[in-house]
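Step one of this worksheet: look at the structure below.
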Amino acid sequence: MKSSFLESILWQAVAITITLLFVTPLLWVVTNSLRPVGLPPPRTLEWLPQPSAWSNYSTIFQLIPLRRQIGNSLLVSTVGALL
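Going by the numbering used here, the first residue of the sequence shown is number 8, and it counts up by one from there.
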């Protein structure tokens, strides 16, 4: 019984480690997308830039026809899933 419990803890630790390896870069990308334009990169680890530039997300929709591209991707994936 004790071996099974320790094995379960070990597998959970491995799963958490792998999850962190994949999620941390994603969080880093989102954090950097909130940095104001022209602000130099941080010298230390900074998870939420001050000030945060949420307007970067509205700007991307103005510069790139992202809605159309998302619509095309949804159409292709839906048709592919139905086939």
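Even glycine gets a Cβ: it sits at the ideal position worked out from N, Cα and C.
- With a beta-carbon spacing of about 7 Å, Pro56 and Thr38 fall inside the 8 Å limit used to define contacts.
- Taking the Cα positions, Pro47 is about 29 Å away from Thr26.
- Scanning Thr24, Ala60, Ser11 and Leu17 for the CA closest to the CA of Ser40 turns up Ala60.
- Here Arg42 carries a coil assignment [DSSP, helix/strand/coil].
- Leu81 and Leu90 have their C-alpha atoms spaced approximately 14 Å apart.
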